[in-house]
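J.: Numbering follows the numbering used here, in which position 65 of the sequence shown is assigned residue number 65; successive positions increment by one, without gaps.
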Amino acid sequence: MAVAPDAASRVAITPAAADVVRRLQADHGPVMFHQSGGCCDGSAPMCFPDGDFITSDADVLLGTLDVGDTGRPVEVWMSREQFAYWSHTHLTIDVVPGRGAGFSLEAPMGIRFLLRSRLLTDEEALALA
Numbered sequence: 001m002a003v004a005p006d007a008a009s010r011v012a013i014t015p016a017a018a019d020v021v022r023r024l025q026a027d028h029g030p031v032m033f034h035q036s037g038g039c040c041d042g043s044a045p046m047c048f049p050d051g052d053f054i055t056s057d058a059d060v061l062l063g064t065l066d067v068g069d070t071g072r073p074v075e076v077w078m079s080r081e082q083f084a085y086w087s088h089t090h091l092t093i094d095v096v097p098g099r100g101a102g103f104s105l106e107a108p109m110g111i112r113f114l115l116r117s118r119l120l121t122d123e124e125a126l127a128l129a
């Protein structure tokens, strides 16, 4: 089951991935995600210390994730160009065994974040429009 801030959201996180984020925050402080557009690790969600990946007007904030006792929501970003293709989907950040090829913080742990996607329902699309 994914953890989402409300019923109409573009992004959620599985409990297993939220646990990894809490462990990363214990070591690195606040973190953020940026959905890679094909560089480095294909199209994997990359986790960085908050502020290490500079966002701009070329990026879209998909939403924030409440991962538990950290006291600070985790922002999830995507390039505006990529968002044009993914705007009709709900994305869930999950974690699986295996090492990614990118610069994401979880790489040394022998696991990697990945996205699971589904189409937004008509109700969700309307609420998010």
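Even glycine gets a Cβ: it sits at the ideal position worked out from N, Cα and C.
Per DSSP, which one or two residues make a beta bridge with ASP59?
T.: Answer by DSSP bridge pairing, in chain order: SER79.
J.: For ALA127, count neighbouring Cβ atoms within 10 angstroms of its own Cβ and tell me buried if that reaches 16, exposed if not.
T.: exposed
J.: Ignore the nearest five residues each way along the sequence and tell me which others in VAL11's own chain have a CB closer than 6 Å to its CB.
T.: LEU62, GLY63, VAL76, LEU91
J.: Are the CB atoms of GLY102 and MET46 nearer to each other than 8 Å?
T.: yes
J.: Determine the closest residue to LEU115 out of SER43, ALA16, LEU24, with distance taken between C-alpha atoms.
T.: SER43
J.: By the three-class DSSP mapping on this structure, what secondary structure does ASP94 have?
T.: strand
J.: Tell me which residue opens and which closes the beta strand (DSSP E) that HIS88 is part of.
T.: In the DSSP assignment, HIS88 falls outside any beta strand (DSSP E), carrying neither H nor E.
J.: With a threshold of 6 Å on Cβ separation, who are the neighbours of ILE93 within its own chain once the five nearest residues in sequence on each side are excluded?
T.: The beta carbon of ILE93 sits closer than 6 Å to those of ILE13, ALA17, PRO45, PHE113, all from its chain and outside the five residues before and after it, given in chain order.
J.: Taking DSSP as the reference, what is the three-state secondary structure of ALA12?
T.: strand
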